[in-house]
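Heads up, the thing below is written out as structure tokens.
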Amino acid sequence: MANSAFTVLRIPPLWYFSSAFLAEVTLAADGMEAASVLLDAVVREAFETIVTKIREGKKLTDSEVLLLVVSQIRREQERGFGEVERRFEEVNRRFEQIEENIREFKEDVNRRFEQIDKRFEKVEGEIKELRDEMNRRFEQVDKRFEQVDKRFEQIEGEIKFVSHGMMEIKSDIINLLKEKL
């Protein structure tokens, strides 16, 4: 069998595994990652057995060598998955940074619009004050014109009175001159 392209991995009977291993497998069977935990536990338990054999100087079977190779491949996969996970975390951090930049940009735009709104309110207030001042001044000018109109009316009345008096004097002079002649 050692010469074939594939070697069949022989799994030892349950009594071969420690009670801690069996408890871990039982707990894992309740969760969602049971297969992964089971595989990790089997590989770890078998790896400990292989390490013990190597320390004792015993020869390893083909299945134990295959298990070491599979273990190495799994570690390489985990490193690769770790790298992928790290890159995903880096991408997530970048997205969070972009979201933070967008939030800050929105806050900055809102702050600027608030400043513009305040400036508009200030300008509108100044325009209203100017309009009120101009209305007050026009009212003063209107009152002055009314005073001037009244004075003109008074002067006109006086001119009429004087003119009427002059007419009377003129007629009196004409009448006196007619009498003298």
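All residue numbers in the sequence shown are consecutive under my numbering, ending with 229. We put the beta carbon where it would ideally sit given N, CA and C, even for glycine. As the structure is a computational prediction, the values presented were derived from the model and not from experiment.
query, result
"Same chain, Cβ closer than 6 Å to Glu112, neighbours up to 5 away in sequence not counted", "Ile98"
"For Ser119 and Val90, believed in contact at Cβ under 8 Å, the rounded distance", "Going by Cβ atoms, the distance from Val90 to Ser119 rounds to 10 Å, so no, they are not a contact pair."
"Distance between Val196 and Lys208 (C-alpha atoms, nearest Å)", "18 Å"
"Segments of 3+ residues assigned as beta strand (DSSP E) that fall wholly inside the region 157 to 208", "none"
"Cβ-heavy atom distance, Glu131 to the ligand MG, below 7 Å", "Absent from the structure shown: the ligand MG. Ligands present: none."
"Three-state secondary structure assigned by DSSP to Thr97", "helix"
"Three-way DSSP call (helix, strand, coil) for Gly105 in this model", "coil"
"Euclidean distance between Cα positions of Asn140 and Glu133", "10 Å"
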